[in-house]
Amino acid sequence: MSQKQEKYDVVILGSGIGGLCCAALLANKGYKTLVAEKMPMIGGRCSTLAYKGFKIPTGVVAVPMSGVLKSVFDEVGADFDVSPITVLPKYLIDNKIIDEPADGQPLSILSCFCTDKKEVSMLQKGIERAQTWNAPSNETSLLDFLYQYTKNENLISYFNNKCDIFFTVGAHEASAREYFLSHTGILKDFQPIGFANQGSISLMKALKKVIEDKGGKVLTQCRAKKILVKNQIAEGVVVEGIKGETTIMATAVVSNTGPKKTVALAGKEHFDKGYLKEVINMVPSFQMWVTTISDRPLFDIPFLFTLKTKRLLTFLSASLVSPGLAPEGKYIHYSISGPASQTGPWNLQNEVDLHIQDLKDNIPDFNKYGKILHVGCYWGELPTYSNTPITGFHNIPQKTAVENLYNVGDGVSKEDGFSCGSPGCALTARIVAEDIKNRFKP
Amino acid sequence: MLTVNEETCVGCGWCQTFCPQDALRAWGYLEIDYKKCDECLVCIKFCPTDSLSMADVSHHK
Numbered sequence: 025m026s027q028k029q030e031k032y033d034v035v036i037l038g039s040g041i042g043g044l045c046c047a048a049l050l051a052n053k054g055y056k057t058l059v060a061e062k063m064p065m066i067g068g069r070c071s072t073l074a075y076k077g078f079k080i081p082t083g084v085v086a087v088p089m090s091g092v093l094k095s096v097f098d099e100v101g102a103d104f105d106v107s108p109i110t111v112l113p114k115y116l117i118d119n120k121i122i123d124e125p126a127d128g129q130p131l132s133i134l135s136c137f138c139t140d141k142k143e144v145s146m147l148q149k150g151i152e153r154a155q156t157w158n159a160p161s162n163e164t165s166l167l168d169f170l171y172q173y174t175k176n177e178n179l180i181s182y183f184n185n186k187c188d189i190f191f192t193v194g195a196h197e198a199s200a201r202e203y204f205l206s207h208t209g210i211l212k213d214f215q216p217i218g219f220a221n222q223g224s225i226s227l228m229k230a231l232k233k234v235i236e237d238k239g240g241k242v243l244t245q246c247r248a249k250k251i252l253v254k255n256q257i258a259e260g261v262v263v264e265g266i267k268g269e270t271t272i273m274a275t276a277v278v279s280n281t282g283p284k285k286t287v288a289l290a291g292k293e294h295f296d297k298g299y300l301k302e303v304i305n306m307v308p309s310f311q312m313w314v315t316t317i318s319d320r321p322l323f324d325i326p327f328l329f330t331l332k333t334k335r336l337l338t339f340l341s342a343s344l345v346s347p348g349l350a351p352e353g354k355y356i357h358y359s360i361s362g363p364a365s366q367t368g369p370w371n372l373q374n375e376v377d378l379h380i381q382d383l384k385d386n387i388p389d390f391n392k393y394g395k396i397l398h399v400g401c402y403w404g405e406l407p408t409y410s411n412t413p414i415t416g417f418h419n420i421p422q423k424t425a426v427e428n429l430y431n432v433g434d435g436v437s438k439e440d441g442f443s444c445g446s447p448g449c450a451l452t453a454r455i456v457a458e459d460i461k462n463r464f465k466p
Numbered sequence: 026m027l028t029v030n031e032e033t034c035v036g037c038g039w040c041q042t043f044c045p046q047d048a049l050r051a052w053g054y055l056e057i058d059y060k061k062c063d064e065c066l067v068c069i070k071f072c073p074t075d076s077l078s079m080a081d082v083s084h085h086k
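Protein chains in written order, with this note's numbering: chain W, 25 to 466; chain B, 26 to 86.
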């Protein structure tokens with residue numbers, strides 16, 4: 025049986041944020057672009073599950089309203105239907121609500137958690153040094169860094185919460201270096217954030233529309249079987265769709281499948297031992313999203329950080345900002361948790377139970393009016409981050425040992441800082457798109 | 026008969042939202058209500074970790 029063959033400038037495997045942002049940026053500049061997605065739906069973990077009239081995120085709950093992700097949408101002219109959370113986040117600690125200070129100073133919140141002004145001042149100065157003078161070693165955990173200045177339980181809890189939400193790993197395991205580099209880098213993009221009014225998938229559909237309007241293709245149920253490499257140069261892929269296998273020849277191959285899968289698809293013989301070791305040592309993270317519905321809002325605050333809980337990190341009353349995420353008259357809430365340790369053993373059922381117990385203990389109206397609609401666990405082959413920034417963490421670059429073969433998405437980062445979340449994925453896409461534009465013309 | 030590979034299923038619950046019969050419930054692990062499941066195969070198509078399959082149990086009958 026003869027195999028079909030097609031030719032594109034760029035073929036992209038996977039339709040997550042990294043894949044679709046990269047494809048849209050290149051298609052917009054005239055590159056003939058194909059995106060192959062194995063699932064029947066696009067978006068990966070920036071997608072939406074429509075269930076009983078409610079919209080459940082597959083990973084990306086809220087997106088930044090500015091920064092690199094937004095800049096991609098602006099550049100390619102994609103619709104960015106997002107409503108901002110206009111009120112500042114609040115913190116729930118010991119059953120008390122603490123407001124984020126409105127002075128815009130990121131460290132002024134610390135004095136809300138600790139009355140010892142001298143201790144807070146020392147910690148603030150230590151953090152400022154780490155951010156502006158000399159970042160800590162990658163072998164130091166955030167907790168060990170904090171312990172140099174404070175052992176105050178509330179302060180530690182604040183950093184543990186922030187670290188777990190943005191890094192998916194607690195302060196005792198997270199690299200202090202990556203934490204502080206990110207706060208002066210990619211995490212700046214997280215203010216303000218907003219909810220996509222029709223779910224995160226609407227943003228991915230907007231990018232898909234740009235790609236198709238510019239002559240590119242986005243194929244679903246199209247699974248990558250192999251990345252073709254000749255003389256250490258990528259020259260295409262073999263994909264399997266509903267109608268069988270097709271060979272796609274391309275000048276550049278961009279993988280949004282994660283570095284481990286990229287290596288498997290291309291063949292590990294093309295990569296050096298050091299790179300393979302770094303890829304094998306990548307630690308995928310675990311997080312859980314619970315969707316709770318009700319006939320009335322369970323909290324009057326859209327964005328609540330929950331401190332000193334067993335597991336619960338945040339409780340988002342999304343309907344207060346984007347009513348379209350629930351049927352008329354109904355309310356939807358998203359809560360997120362992570363395990364006590366990403367590298368230690370954890371029990372899936374125990375994690376679900378602790379998350380729900382935290383909802384009962386911290387959200388009073390949950391017990392009276394809340395109903396759990398959906399429990400989503402993400403780990404292993406479906407992680408929240410492919411490469412969790414624990415101590416000793418290695419940033420995996422976008423370029424691979426195979427010429428014209430790139431990785432995008434949360435498995436790869438810039439050398440000088442972990443690229444987390446949706447802006448991190450968009451950043452890797454922009455870096456790769458710029459490199460391709462510099463290296464060859466469409 | 027629908028079966029889940031417990032080694033690879035992560036409990037993401039995507040299948041639950043696509044099941045037209047409301048026969049699946051993810052709660053960390055995946056529960057299958059065989060009284061409701063009509064073997065339409067939609068869940069298999071939407072499983073991101075390829076953990077669902079139809080097992081041939083005819084030889085047990």
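Backbone N, C-alpha and C fix where the C-beta goes; we use that ideal spot for every residue, glycine too. Here the structure is a predicted model, which means the values were calculated and not measured.
Range of the contiguous alpha helix (DSSP H) that encloses residue i
i         : result
GLN41(B)  : 39-43
ASP33(W)  : No alpha helix (DSSP H) contains ASP33(W), which is instead part of the beta strand (DSSP E) from 28-37.
ALA200(W) : 200-208
THR452(W) : 445-463
PHE137(W) : 134-137
Straight-line Cα distance separating residue j from residue i
i         : j         : result
PRO308(W) : SER199(W) : 15 Å
LYS301(W) : ALA102(W) : 39 Å
ASP434(W) : LYS28(W)  : 32 Å
ASP33(W)  : ILE460(W) : 10 Å
ILE41(W)  : ILE455(W) : 13 Å
LEU378(W) : PHE190(W) : 20 Å
SER39(W)  : CYS138(W) : 45 Å
LYS94(W)  : PRO447(W) : 8 Å
PRO196(W) : GLN366(W) : Here residue 196(W) is His; the residue named in the question, Pro, does not match the sequence. Between HIS196(W) and GLN366(W), the C-alpha separation is close to 10 Å.
GLN381(W) : TYR115(W) : 18 Å
GLU56(B)  : ALA48(B)  : 8 Å
VAL16(W)  : THR412(W) : Nothing about residue 16(W) can be read from this structure; chain W reaches only from 25 to 466.
GLU61(W)  : VAL35(W)  : 11 Å
LYS292(W) : GLU269(W) : 22 Å
GLU163(W) : GLU405(W) : 26 Å
ALA80(B)  : VAL287(W) : 31 Å
SER206(W) : LYS70(B)  : 37 Å
TYR75(W)  : ILE396(W) : 12 Å
LYS86(B)  : LEU27(B)  : At LYS86(B), the pLDDT of 44 sits below 50, so the modelled position is not reliable; the number obtained from the coordinates is stated separately. Using only the alpha carbons, I get a separation of about 16 Å.
LEU322(W) : LYS384(W) : 12 Å
MET25(W)  : VAL262(W) : Because MET25(W) sits at a pLDDT of 48, beneath the cut-off of 50, its placement in the model cannot be relied upon, and the following sentence gives the value as read from the coordinates. Spanning the two alpha carbons is a distance of roughly 15 Å.
ASN431(W) : THR281(W) : 8 Å
ARG247(W) : ASN178(W) : 48 Å
SER341(W) : ILE325(W) : 7 Å
LEU49(W)  : ASP98(W)  : 10 Å
CYS14(B)  : GLU32(B)  : With chain B covering only 26 through 86, there is no way to say anything about residue 14(B).
ALA274(W) : LEU44(W)  : 17 Å
LEU77(B)  : CYS34(B)  : 8 Å
GLY416(W) : PRO466(W) : 40 Å
Contact under 8 Å by Cβ, residue i with residue j
i         : j         : result
TYR402(W) : GLY83(W)  : yes
SER361(W) : LEU336(W) : yes
ILE109(W) : GLY209(W) : no
THR333(W) : ASN386(W) : yes
THR408(W) : PHE339(W) : no
GLY91(W)  : LYS186(W) : no
is_contact[residue i, chain B] using C-beta, thresh 8 Å
i         : result
CYS401(W) : yes
ALA74(W)  : yes
HIS207(W) : no
GLN373(W) : yes
GLY42(W)  : no
VAL307(W) : no
PRO363(W) : no
HIS398(W) : yes
MET63(W)  : yes
Bounding residues of the beta strand (DSSP E) (the contiguous stretch that carries residue i)
i         : result
PRO108(W) : 106-108
SER18(W)  : No information on residue 18(W) is available, as it lies outside the stretch 25 to 466 that chain W covers here.
LYS120(W) : 120-123
TYR54(B)  : 54-57
Residue-level contact to chain W via CB, residue i, 8 Å cutoff
i        : result
GLN46(B) : no
LYS61(B) : no
CYS37(B) : yes
THR74(B) : yes
SER78(B) : no
THR28(B) : no
Q: Can you check the region 341-423 of chain W for any beta strand (DSSP E) of at least 3 residues that lies completely inside it and give the ranges in chain order?
A: Here the runs fully enclosed are 355-361 and 395-402.
(Q) What ranges does the alpha helix (DSSP H) occupy inside the region 39-99 of chain W, keeping only unbroken runs of at least 4 residues that lie completely in it? (A) The region 39-99 of chain W contains these whole alpha helix (DSSP H) runs: 41-51.
Q | Runs of alpha helix (DSSP H) wholly within the region 255-334 of chain W (minimum 4 residues, chain order) | A | Counting whole runs of 4 or more residues, the region 255-334 of chain W contains the alpha helix (DSSP H) stretches 283-290 and 297-304.
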